[in-house]
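What follows is a set of notes on a single structure, which appears directly below.
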Amino acid sequence: MKPKVIVLTGNGINGEREMAQAFIQAGADTEMVHINDLAQGHKKLDDYQILAFPGGFAYGDDLGAGIAMANRLRNNIWEQLMTFTQKDKLVMGICNGFQMMVNLGILPGFEGEMGMRKVALRPNASNRYQCRWVNVKSVSTKCVFTKNIGVLPLSVGHGEGNFFAEETVLDHLAQNDQIALQYCNEAGAPADGLFPLNPNGAARDIAGICDSSGRIFGLMPHPDRFLTAYNQANWTLLKEKAKRAGKEFSDKSVAQVIYENGVGYFG
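Going by this note's numbering, the sequence shown opens with residue 58, and the numbers climb by one from there.
Next comes the structure, spelled out in structure tokens:
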């Protein structure tokens with residue numbers, strides 16, 4: 058049976074269609090649901106296996122990126138959300154969705170500390186919105202979504218992606234295998250905080266983290282904007298290289314494995 062994915066939408070979220078399409082391509086039964094339908098009880102989280110928080114600018118990022126929507130979720134569906142996270146189900150958030158999850162405290166979600174805010178996504182070190190392609194690599198064996206991923210090119214588009222936490226929290230993330238993705242160069246060497254390899258100044262080059270179970274995952278880059286190989290900025294070069302090497306150019310996105318990992322978890 059296909060897992061059912063609920064993709065949150067409404068009030069400034071604008072990446073729901075891309076997120077839904079990515080899960081559809083991975084073989085899931087996917088539904089976009091407005092936050093009001095959850096808040097008013099027309100839809101229930103318990104009817105789904107994967108919860109997806111897309112990117113965008115929920116509530117115009119008033120009060121800070123992801124804060125207003127996080128407050129809405131906490132005040133309206135907190136009990137549902139806590140029940141969902143405690144079951145053998147998955148949660149994924151991209152960009153603004155990741156910011157919501159951090160503000161809600163479901164990430165990093167240390168054992169016994171679910172709902173406590175421990176990290177922040179601050180304004181970029183450049184003090185500018187950054188829209189570019191970067192490389193990330195998987196450094197976690199725990200995270201469900203990032204298994205079997207090497208170096209992955211992904212696009213970013215954010216003004217507040219600078220991952221920050223106290224050193225003790227950063228150490229805990231590393232020791233507990235919760236740093237899921239780090240910014241790197243094309244060969245996989247660490248970005249070491251250097252711009253533009255690290256586009257926002259994130260501590261320890263952190264691009265994404267998971268909770269202590271590995272089932273809850275958030276990241277700043279956008280795999281949802283990389284649905285086919287033709288979305289990649291240098292696809293013409295890659296196609297020409299394949300041609301000269303006598304190989305067929307695949308139109309499948311290398312980022313699709315993230316969604317396939319999530320869907321495959323249930324089957």
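Idealized CB from N, CA, C, for every residue including glycine.
Sub-8 Å separation of residue i and residue j beta-carbons
| i | j | result |
| --- | --- | --- |
| G319 | L211 | no |
| Y240 | D262 | yes |
| I107 | H279 | no |
| K175 | V226 | yes |
| L254 | E217 | no |
| M76 | D281 | yes |
| A96 | L284 | no |
| F167 | H229 | yes |
| N219 | A244 | no |
For residue i, the three-state DSSP class (helix, strand or coil)
| i | result |
| --- | --- |
| L108 | strand |
| E243 | coil |
| K298 | helix |
| T140 | helix |
| E88 | strand |
| N219 | strand |
| M158 | helix |
| G117 | helix |
| L164 | coil |
| Q289 | coil |
| L130 | helix |
| V320 | helix |
| R74 | helix |
| L227 | helix |
| V208 | strand |
| R282 | helix |
DSSP beta-bridge partners of residue i
| i | result |
| --- | --- |
| T66 | H91 |
| N233 | According to DSSP, N233 bridges with nothing at all. |
| R174 | DSSP lists no partner for R174. |
| L238 | S195, G265 |
| M149 | A109, F274 |
| V213 | R189 |
8 Å contact criterion, which residue i and residue j should meet: CB distance rounded
| i | j | result |
| --- | --- | --- |
| L276 | A237 | 7 Å |
| I266 | Q235 | 5 Å |
| G271 | C200 | 5 Å |
| M149 | F274 | 5 Å |
- Message: Does the structure place the region 207-225 close enough to the region 179-190 that three or more beta carbon pairs sit under 8 Å?
- Response: The answer is yes - the region 207-225 touches the region 179-190, with three or more Cβ pairs under 8 Å.
- Task: Examine the Cβ distances between the region 121-136 and the region 78-86 and report whether three or more of them are shorter than 8 Å.
- Result: no
- Flag this pair as touching only if the region 161-174 and the region 127-145 have three or more C-beta atom pairs under 8 Å; answer yes or no. yes
- When the Cβ atoms of the region 164-173 are set against those of the region 284-302, are three or more pairs found closer than 8 Å? no
- Message: For the structure I just gave you, are there three or more beta carbon pairs, one from the region 103-117 and one from the region 68-75, closer than 8 Å?
- Response: yes
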